[in-house]
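In the numbering used here, the protein residues as written are 1314 to 1426.
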């Protein structure tokens, strides 16, 4: 017997440009097999003996979603002086003095913010 599920009663997005949602999504052996009307998905569920999952209004976004993180940028940001909270030149100078005082190595200070 195939592993199959039908997801219903939620916001099921199948595209974003253009924005498109469907009433139901069916899976077969871990892959999306059908997206569309709830009535058609329920008919398929009856044929396959699918588990019906009531989403209760929750959201489903099928597919691969890339969080897109640049780890090298994160590493660089951790080695720079964060000036985003500075509201004045005086505060900037205080932050710079503190930053330099905490580091023994000499070199250029790179700030951001």
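Positions of the beta carbon are idealized from the N, C-alpha and C atoms, including for glycine.
In the structure shown, residue 1374 falls within a coil segment according to DSSP collapsed to helix, strand and coil. Here residue 1338 is bridged, per DSSP, to 1320, 1348. Distance between residue 1370 and residue 1421, taken at the CA atoms: about 53 Å.
The alpha helix (DSSP H) runs of length 4 or more contained entirely in the segment 1357 to 1413 are, from start to end of the chain, 1384 to 1391. When DSSP reads this structure, residue 1325 sits in a beta bridge with 1335, 1373. Going by C-alpha positions, residue 1379 is about 27 Å away from residue 1393. Judged by beta-carbon spacing, residue 1365 lies within the 8 Å limit of residue 1358, meaning their Cβ atoms are closer than that value. Residue nearest to residue 1360 within the set 1376, 1373, 1341, 1374 is 1341 (criterion: CA-CA distance).
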